[in-house]
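Numbering (my numbering), first residue to last: 5 to 388.
Idealized CB from N, CA, C, for every residue including glycine.
It should be emphasised that the depicted structure is a prediction, and the values quoted were computed from it without experimental measurement.
Rendered as structure tokens:
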């Protein structure tokens, strides 16, 4: 077996193609768009690389067949934000072989150690602002849009390579069916199924703190995007693993999401006239991406359009409230807004992901609304 860095166009194609071979028989794996993966790892196309170094590695067996891959990631913005010498591994894929996994992760560890880092954490693809964590519970469900999926055996391989749990992050699901909301119910017909204490809480939040939710203003797109970035960086700055979005990174994300966003599912919450937080939800485009098998052409785009009409779930990509407004009911009203708006759009369920396992300020209102944990993802550490 050989572990070599990606250097050629053929290497890069092999890196991108590997999971399509490994997981083609896995019923819950959703193939990513290959063009998006290629852009993610291309320093010329993704602004993450402006503050990071990324080395891609391939594992080949004696016959020359690619059997594994990994990325070693030095995120200087993480080091500056947290003051810790932590590097990352990500984009980890391998055949079911402890030897391959050990060799790949050792190669990533050596690369990070050479740069003076003391801990390797992951998986991160490429940071907490894209997707991260290893799925350890919830294998019986398809992943939501922009969430990872991996076979169950990956956990044993990573733990066998010397890693231990650093933190779990959770995915919650709120289902209209679990609340007993009848199919095709209007907002008025669904109202009695929202827990009474939450409806009372909503009334008090409006009367006592002047909490109001407003939708995204498409006419002022650039200003609204900047507002979201500032709120995001302010609301999450104390969170474990948080790294702020740079302006270029957020602009890149906004350009990616703009063609597929439903702006009714993006909202701000105000407290006595001050902008206090925001939420972004997306239709679960994985329902349309799955049949496309990673390609837009020749007929992938047509499949995407067809299945896109049938999407019946959403993913809450991010929801945050500034610290000074967290006891006003602002978060709860954002949850309720998304629940009601989703119902209007025939969305019968929504995934809220991801949420730190110890973030009770976010978990408690979710559970009061009736949401349940459906998936668990794990971040691992290994001392270098």
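Among the options, whose alpha-carbon lies nearest the alpha-carbon of residue i?
{"i": "residue 385", "options": "164, 145, 157, 352", "result": "164"}
{"i": "residue 75", "options": "8, 81, 103", "result": "8"}
{"i": "residue 155", "options": "109, 271, 99, 129", "result": "99"}
{"i": "residue 210", "options": "233, 360, 331", "result": "331"}
{"i": "residue 67", "options": "152, 22, 6, 26", "result": "6"}
{"i": "residue 215", "options": "31, 278, 108", "result": "278"}
{"i": "residue 269", "options": "237, 29, 347, 293", "result": "347"}
{"i": "residue 345", "options": "222, 370, 266, 357", "result": "266"}
{"i": "residue 276", "options": "95, 258, 41, 218", "result": "218"}
{"i": "residue 101", "options": "80, 63, 111, 91", "result": "63"}
{"i": "residue 4", "options": "21, 371, 24, 12", "result": "Outside the shown range of the chain (5 to 388) lies residue 4, about which nothing can therefore be said."}
{"i": "residue 238", "options": "380, 260, 281", "result": "281"}
Using C-beta distances below 7 Å, list every residue in its chain close to residue i, excluding the 5 sequence neighbours before and after it, in chain order.
{"i": "residue 388", "result": "113, 116, 117, 121, 122, 123, 124"}
Grouping DSSP H, G and I as helix and E and B as strand, with all else coil, what is residue i?
{"i": "residue 379", "result": "strand"}
{"i": "residue 346", "result": "helix"}
{"i": "residue 178", "result": "strand"}
{"i": "residue 56", "result": "strand"}
{"i": "residue 45", "result": "coil"}
{"i": "residue 219", "result": "strand"}
{"i": "residue 280", "result": "strand"}
{"i": "residue 70", "result": "strand"}
{"i": "residue 97", "result": "strand"}
{"i": "residue 327", "result": "helix"}
{"i": "residue 232", "result": "helix"}
{"i": "residue 401", "result": "Because the chain spans 5 through 388 in this model, residue 401 falls outside it and cannot be assessed."}
Tell me whether the beta-carbon of residue i lies closer than 8 Å to the beta-carbon of residue j.
{"i": "residue 319", "j": "residue 362", "result": "no"}
{"i": "residue 167", "j": "residue 127", "result": "no"}
{"i": "residue 19", "j": "residue 44", "result": "no"}
{"i": "residue 78", "j": "residue 57", "result": "yes"}
{"i": "residue 52", "j": "residue 251", "result": "no"}
{"i": "residue 249", "j": "residue 233", "result": "yes"}
{"i": "residue 378", "j": "residue 145", "result": "yes"}
{"i": "residue 177", "j": "residue 375", "result": "yes"}
{"i": "residue 213", "j": "residue 271", "result": "no"}
{"i": "residue 149", "j": "residue 257", "result": "no"}
{"i": "residue 132", "j": "residue 247", "result": "yes"}
{"i": "residue 173", "j": "residue 358", "result": "yes"}
{"i": "residue 142", "j": "residue 235", "result": "no"}
{"i": "residue 161", "j": "residue 129", "result": "no"}
{"i": "residue 297", "j": "residue 35", "result": "yes"}
Counting only the same chain and skipping the five closest in sequence on each side, list residues whose C-beta sits under 6 Å from that of residue i.
{"i": "residue 179", "result": "353"}
{"i": "residue 197", "result": "183, 184, 185"}
{"i": "residue 16", "result": "10"}
By Cβ distance, which residues of its chain are closer than 8 Å to residue i, with the 5 residues on each side in sequence left out?
{"i": "residue 206", "result": "333, 336, 337, 340"}
{"i": "residue 159", "result": "138, 140, 382"}
{"i": "residue 89", "result": "83, 120, 121, 122, 123"}
What residues are listed by DSSP as bridge partners for residue i?
{"i": "residue 168", "result": "385"}
{"i": "residue 141", "result": "380"}
{"i": "residue 357", "result": "175"}
{"i": "residue 92", "result": "77, 125"}
{"i": "residue 241", "result": "For residue 241, which the question treats as bridged, DSSP gives no partner whatsoever."}
{"i": "residue 318", "result": "287, 354"}
{"i": "residue 6", "result": "64"}
{"i": "residue 135", "result": "129"}
Given the structure, does residue i come close to the ligand COA, in the sense that its CB is under 7 Å from one of the ligand's heavy atoms?
{"i": "residue 120", "result": "The ligand COA is not part of this structure, which contains no ligands at all."}
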